[in-house]
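Asker: These protein sequence lines map, in sequence, to chains A and B.
So the first sequence is numbered by my numbering: it starts at 37 and just counts up by one.
So the second sequence is numbered by my numbering: it starts at 0 and just counts up by one.
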Amino acid sequence: GAGVSQSPSNKVTEKGKDVELRCDPISGHTALYWYRQRLGQGLEFLIYFQGNSAPDKSGLPSDRFSAERTGESVSTLTIQRTQQEDSAVYLCASSSRPGLTYEQYFGPGTRLTVT
Amino acid sequence: DAKTTQPNSMESNEEEPVHLPCNHSTISGTDYIHWYRQLPSQGPEYVIHGLTSNVNNRMASLAIAEDRKSSTLILHRATLRDAAVYYCIRPPAGNAGGTSYGKLTFGQGTILTVHP
Chain A
37 GAGVSQSPSN KVTEKGKDVE LRCDPISGHT ALYWYRQRLG QGLEFLIYFQ GNSAPDKSGL
97 PSDRFSAERT GESVSTLTIQ RTQQEDSAVY LCASSSRPGL TYEQYFGPGT RLTVT
Chain B
0 DAKTTQPNSM ESNEEEPVHL PCNHSTISGT DYIHWYRQLP SQGPEYVIHG LTSNVNNRMA
60 SLAIAEDRKS STLILHRATL RDAAVYYCIR PPAGNAGGTS YGKLTFGQGT ILTVHP
């Protein structure tokens, strides 16, 4: 079946502009995660959605970052007034068994470059 | 954090088996052991996970020690496309009831180089 898809694959934006990143999880996966990975660095958790529960936003680095999810499908990560330190690959992952196991399936990521 | 120990790097020749070790001496009885890999310029890829018994799937095998303090990821026939950083992960301490919701964090991992 189809895996996790993300769009756009690459985004170059000017400092101060807003950007919107999209994630389509695997159908039927109730859990959706956003991570950030800076060049040569590890994964940085941003936000977690599970069904109709309130999202875990504990990883969002500032109030410029927000995310939404429509039911158990598409999610959008929005970064307002982008800064150069926001440059990174933004990864989305989905899972059918969050918490019990760490079996997550990642999308290809969106490479964000802020100039 | 992940609280696992892996060698920084390993090398293999194409078509040969690869055994990637991981120590997780403080693992609790209900923590699953997971392996991910990340190929250059790609997102992480789930490989396999297990609890007590050895596990096999189309990508690899996972051999878990009887005391569960270590495990080995086995690639039966390495290919050039298996060159990646391999991460051994277990849930963080205090994950009773899955409260961490599966938030992944990676340690340094093992850089696997496969020679033609």
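No residue lacks a Cβ here, since even glycine has one placed at the ideal position from N, Cα and C.
Just list the residues that DSSP pairs A:Arg4 with in beta bridges.
Answerer: In the structure as shown, chain A begins at 37 and stops at 151. Residue 4 of chain A is therefore absent and cannot be evaluated.
Asker: Report buried or exposed for A:Ala152, applying the criterion of at least 16 other Cβ atoms within 10 angstroms of its Cβ.
Answerer: In the structure as shown, chain A starts at 37 and stops at 151, and residue 152 of chain A therefore has no counterpart that could be examined.
Asker: Output yes if chain B places a C-beta closer than 7 Å to the C-beta of A:Phe101; else output no.
Answerer: Answer no: the Cβ-Cβ gap between A:Phe101 and chain B never drops below 7 Å.
Asker: Considering only their Cβ atoms, is the gap separating B:Leu61 from B:Ala82 smaller than 7 Å?
Answerer: Result no, Cβ atoms of B:Ala82 and B:Leu61 do not sit closer than 7 Å.
Asker: Note down, in chain order, all residues in the region 21-48 of chain B with a beta-carbon under 8 Å from any beta-carbon belonging to chain A.
Answerer: Tyr31, His33, Gln41, Gly42, Pro43, Glu44, Tyr45, His48
Asker: If we ignore side chains and look at the alpha-carbon of each, how far apart do A:Tyr141 and A:Tyr69 end up?
Answerer: 10 Å
Asker: Nearest-angstrom Cα distance between B:Cys21 and A:Arg117?
Answerer: 42 Å
Asker: Using a Cβ cut-off of 8 Å, pull out every chain A residue sitting near B:Lys2, in sequence order please.
Answerer: Correct list: empty, because the minimum Cβ distance to chain A is about 13 Å.
Asker: Excluding sequence positions up to five away, which residues of its chain have a Cβ less than 6 Å from the Cβ of B:His18?
Answerer: Thr71, Ile73
Asker: Quick check on the burial criterion: 16 or more other C-beta atoms within 10 angstroms. Buried or exposed for A:Gln73?
Answerer: A:Gln73 comes out buried.
Asker: Report the neighbours of B:Ile110 on chain A: residues whose CB is nearer than 7 Å to its CB, in chain order.
Answerer: Neighbours of B:Ile110 on chain A: none; closest Cβ ~12 Å, over 7 Å.
Asker: Would you check if the region 46-61 of chain B and the region 141-150 of chain A touch, i.e. whether three or more CB-CB distances between them fall below 8 Å?
Answerer: no
Asker: Can you say whether A:Lys93 is buried or exposed, counting buried as having 16 or more other CB atoms within 10 angstroms of its CB?
Answerer: exposed
Asker: Take A:Gly87 and list the residues in its own chain whose beta-carbon comes closer than 6 Å to its own, dropping the five residues that flank it on each side.
Answerer: Thr66
Asker: Give the C-beta separation of A:Ser111 and A:Phe85 to the nearest angstrom, bearing in mind that I take them to be a contact with Cβ-Cβ under 8 Å.
Answerer: 6 Å
Asker: I want to see whether chain B comes within less than 7 Å of A:Pro144, judged by CB atoms only; does it?
Answerer: yes
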